[in-house]
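Written out below as structure tokens is the structure these notes cover.
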Amino acid sequence: MNTNVLKDFRQQYGDTPQFKACSPGRVDLMGSHTDYNMGFVVTMPINLLIECAFSNTDDGLIRLYSCNLDSTVSIDVKTGEMVKGDDWGKYISAVAKVLIDEGYELKAIKGALCSTIPLGSGLSSSAALEATTMAMMAHASGFTIDMKTMALLSQRAENVYVGVNCGILDQYSVVFGERHKAIQLDCRELSHKQVSWPKDIMVAICNTNKARQLHGSEYDDRRAQCEEAVAEFAKVDASINALRDVSINFFHKHKHLLSENAAKRAQFIIEENDRTLELEEALTNNEVGKLADIFDRSFQGAKDLFEISVPQMEAMYKAMRTAPGSVASRQAGAGFGGCMVSLVYKDKLEEFKKGVFDTYKELTGIECQVYGVKTARGTHIEQCKELV
385 MNTNVLKDFR QQYGDTPQFK ACSPGRVDLM GSHTDYNMGF VVTMPINLLI ECAFSNTDDG
445 LIRLYSCNLD STVSIDVKTG EMVKGDDWGK YISAVAKVLI DEGYELKAIK GALCSTIPLG
505 SGLSSSAALE ATTMAMMAHA SGFTIDMKTM ALLSQRAENV YVGVNCGILD QYSVVFGERH
565 KAIQLDCREL SHKQVSWPKD IMVAICNTNK ARQLHGSEYD DRRAQCEEAV AEFAKVDASI
625 NALRDVSINF FHKHKHLLSE NAAKRAQFII EENDRTLELE EALTNNEVGK LADIFDRSFQ
685 GAKDLFEISV PQMEAMYKAM RTAPGSVASR QAGAGFGGCM VSLVYKDKLE EFKKGVFDTY
745 KELTGIECQV YGVKTARGTH IEQCKELV
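Every position in the sequence shown, counted from 1, becomes a number in the working numbering once 384 is added.
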């Protein structure tokens, strides 16, 4: 699902770009909100992506044109401040600032940026934007950043300068993606392993068209409630530093120490973390019959315990679960709208897409989009070829 970014660059600047930076979106298959609780996540980089064609220039600015939004942002290479641009430029500025904070000297760039990742969908468009522009700035400025550092600095950019208190999941997933594999990420150790994939099953992403907005949403409240639970449990067992350290038996024995909301959030995270391990085992052993139950328990917990569902998500869940070819279905991303994910038999994809579209429209009056997606390579730089 490539963009026309090379042609857009030429139309904008009148010449051919030297390089192209690319990052995929990602969809989490299991592990909602487990990342900032130091748990496990099973995630998959997908071939909905951001591409940025770029060349060096000499005007002291990083100038990026968005093909999707038809707007340009300009960033001062010395300060990282945005001197011109719309709201999306805050992500570019944030990346520049964290690199400057690390002591890197940035060089001037002109670029064109295009995305096939739906905005507000829960498919990590912001993380892909951060990783893509960080790779671009590093390459154009003549320094290298290892993949783990790139993920961590992208997360810091969003935490410190954008103001969203996200975990490491999104950034790590888009940076470390590999074709033909899902990833099981250990968010405490910042390590991962590749997960086998059943050959006759693919992933379908179903967009509710209910835009998700993390900043100003209840995301930060959920994180604070998880931290509240950890603080109370640590009074009982000092070795507890995150909800990852809490067994379900310990939780039930000591949940009376928590407020009602903190108890619900903690129970979901503890059970969800266990489900990531169940899913990895089921995929590795090709136990397709176990997938629906694991996914169903995740969605019900997200709805009843973590309370991140909205009516459109519940309608989409029903549409996905009843569509032809459906294997398993659940939420994707942080919830509160955006996209949801199904595992689907490859030979039933078109029937599945029609079934989901028709049922969701009947239930909500909204027309949805359903994407059949493949795995994708993580953040990387390519040399641009001359346009013919």
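Backbone N, C-alpha and C define an ideal beta-carbon position, used for all residues, glycine too.
Item	Value
When DSSP labels each residue in this structure, what does residue 435 get in the three-state scheme?	strand
Identify the continuous beta strand (DSSP E) that holds residue 578 and give its terminal residues.	575-579
Give the C-beta separation of residue 660 and residue 425 to the nearest angstrom, bearing in mind that I take them to be a contact with Cβ-Cβ under 8 Å.	6 Å
Could you give the C-beta distance for residue 524 and residue 534, rounded to a whole number, given that I count them as a contact under 8 Å?	Their Cβ separation, rounded to whole angstroms, is 15 Å, which puts residue 524 and residue 534 out of contact at 8 Å.
Going by beta carbon distance, what residues of the same chain come within less than 8 Å of residue 501, once the five residues before and after it are set aside?	409, 432, 433, 434, 507, 508, 509, 512
If we ignore side chains and look at the alpha-carbon of each, how far apart do residue 676 and residue 607 end up?	27 Å
Considering residue 633, what are the terminal residues of the beta strand (DSSP E) in which it resides?	Not the beta strand (DSSP E): residue 633 falls in the alpha helix (DSSP H), residues 632-638.
Looking at the strands, I want to know which residues DSSP matches up with residue 457.	448
Please state whether the Cβ-Cβ distance between residue 652 and residue 686 is less than 8 Å.	yes
Check residue 772 in the structure and name its three-state DSSP category.	Any reading at residue 772 must be qualified, since the residue scores a pLDDT of 40, below 50, and its modelled position is unreliable; the value itself is stated next. If DSSP states are grouped into helix, strand and coil, residue 772 belongs with coil.
List in chain order: all unbroken alpha helix (DSSP H) runs of 4+ residues lying wholly within the segment 691-734.	695-706
Between residue 497 and residue 448, is the Cβ-Cβ spacing less than 8 Å?	yes
Mapping DSSP to helix, strand and coil, what is residue 669?	coil
Need the endpoints of the beta strand (DSSP E) that residue 567 sits in, please.	566-570
In terms of residue numbering, what span does the beta strand (DSSP E) encompassing residue 555 cover?	Note, residue 555: premise wrong, no beta strand (DSSP E); alpha helix (DSSP H) at 553-560.
For residue 732, which option in 429, 711, 715 has the closest C-alpha, if you only look at C-alpha atoms?	711
Taking all protein chains shown into account, do 16 or more other C-beta atoms lie within 10 angstroms of the C-beta of residue 471, making it buried, or fewer, making it exposed?	exposed
Nearest-angstrom Cα distance between residue 680 and residue 748?	21 Å
Below 8 Å on the Cβ atoms is my guess for residue 588 versus residue 756; work out the distance and round it to an integer in Å.	5 Å
Please identify the residue among 701, 751, 721, 705 whose C-alpha is closest to the C-alpha of residue 729.	705
Looking only at its own chain, which residues have a Cβ that is under 7 Å from the Cβ of residue 655, when we skip the five neighbours before and after it?	632, 685
Quick one: what's got a C-beta closer than 7 Å to residue 603's C-beta in the same chain, skipping five residues either side?	718
Can residue 761 and residue 495 be called in contact, C-beta distance under 8 Å?	no
Is it right to say residue 619 is buried, meaning 16 or more other beta carbons lie within 10 angstroms of its own, or is it exposed?	exposed
Just mark residue 547 as buried or exposed, buried being the case when its beta carbon has 16 or more other beta carbons within 10 Å.	exposed
Please determine, among 700, 566, 591, 479, the residue with the shortest C-alpha to C-alpha distance to residue 576.	566
What are the boundary residues of the alpha helix (DSSP H) that includes residue 397?	389-397
When DSSP labels each residue in this structure, what does residue 416 get in the three-state scheme?	coil
Closest to residue 462 by C-alpha separation, out of 605, 595, 477, would be which residue?	477
Does the beta-carbon distance from residue 590 to residue 740 come in below 8 Å?	yes
Measure how close the beta-carbons of residue 714 and residue 700 come, nearest whole angstrom, since I'm counting them as under 8 Å.	Going by Cβ atoms, the distance from residue 714 to residue 700 rounds to 10 Å, so no, they are not a contact pair.
Where in the segment 582-627 do unbroken runs of the alpha helix (DSSP H), each at least 4 residues long, occur, reported from the N-terminal end onward?	603-620
Excluding the 5 residues preceding and the 5 following residue 726 in the sequence, name in chain order all residues of the same chain whose CB lies nearer than 6 Å to its CB.	588, 704, 710, 713
Does the separation of the CB atoms of residue 422 and residue 610 fall below 8 Å?	no
Using a threshold of 8 Å, state whether the C-beta atoms of residue 482 and residue 537 are closer than that.	yes
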